[in-house]
Amino acid sequence: MPVRKGRTLPKHRPPTHPGEMLVEEFLKPMDVTQTAFALRLGVSFPRLNEIIRRKRSVTPDTALRLERVLGMPAEFWLGLQQDWDLWHAMRSDAAEEIKKLKPMGRAG
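FYI, the numbering for the sequence shown is 1 to 108, going by this note's numbering.
As structure tokens, this is what we get:
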């Protein structure tokens with residue numbers, strides 16, 4: 001796997017989804033329900049629940065809310081989401097098509 005911005009994507013398993021990180025490292029240890037946390041974030045329960053169930057991506061808006069409430073930088077949450085998305089894109093049906101594309105030469 002290629003290294004991207006100092007991070008290496010795992011080879012044999014998907015990276016940690018931000019929803020999993022949120023539940024395992026924050027909500028469970030803090031004994032906070034999804035309902036209570038959604039209220040604290042100022043988002044709907046379905047929005048939070050879909051992130052936790054890996055059905056929705058963490059957006060910049062959500063990342064900023066998580067930063068404010070939990071103290072973890074928005075870039076952390078967006079980085080987790082980016083790693084998740086990239087890992088899956090690299091294994092998608094389109095990945096084989098993308099590999100066939102011809103790189104352009106450098107100008108200059």
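Ideal Cβ placement from N, Cα and C applies to all residues, glycine included.
Count the other CB atoms, across all protein chains shown, that sit within 10 Å of the CB of residue 17; report buried if there are 16 or more and exposed otherwise. Taking the first residue of the sequence shown as 1, we reach residue 17 at position 17. Its Cβ being crowded by 16 or more others within 10 Å, residue 17 is buried.
Using the rule of at least 16 other Cβ atoms within 10 Å of the residue's Cβ for burial, across every protein chain shown, is residue 63 buried or exposed? Here residue 63 is taken as the residue at index 63 of the sequence shown, counted from 1. Buried, since its Cβ has 16 or more Cβ neighbours within 10 Å.
Please list, in chain order, all residues of the same chain as residue 59 whose beta carbon is under 8 angstroms from its beta carbon, the five residues on each side excluded. Counting from 1 along the sequence shown, the entry for residue 59 is found at position 59. Answer for residue 59: no residue qualifies.
Where residue 24 and residue 12 are concerned, what is the direct C-alpha to C-alpha distance, given to the nearest angstrom? Locating residue 24 in the sequence shown gives position 24, where the first residue counts as 1. Locating residue 12 in the sequence shown gives position 12, where the first residue counts as 1. So the alpha carbons of these two residues sit roughly 21 angstroms apart.
Cutting at 6 angstroms between CB atoms, please list the residues of its own chain near residue 110, excluding the five before and the five after it. Not covered by the structure: residue 110. The range shown for the chain is 1 to 108.
Cα-Cα separation, residue 95 to residue 9: Looking up residue 95 in the sequence shown gives position 95. Looking up residue 9 in the sequence shown gives position 9. Whole-angstrom Cα-Cα distance: 16 angstroms.
Distance check for residue 79 and residue 19, CA to CA, integer angstroms please. Working through the sequence shown from its first residue, we reach residue 19 at position 19. Working through the sequence shown from its first residue, we reach residue 79 at position 79. Those two C-alpha atoms are separated by around 13 angstroms.
Tell me the rounded alpha-carbon separation between residue 71 and residue 65. Locating residue 71 in the sequence shown gives position 71, counting from the first residue. Locating residue 65 in the sequence shown gives position 65, counting from the first residue. Answer to the nearest angstrom: the Cα atoms are 9 angstroms apart.
How about residue 75: is its C-beta nearer than 8 angstroms to some C-beta of chain C? Of the protein chains in the structure, only one exists, and it is not chain C.
Contained alpha helix (DSSP H) runs [length at least 4] in the segment 78-106, N- to C-terminal order: 93-99
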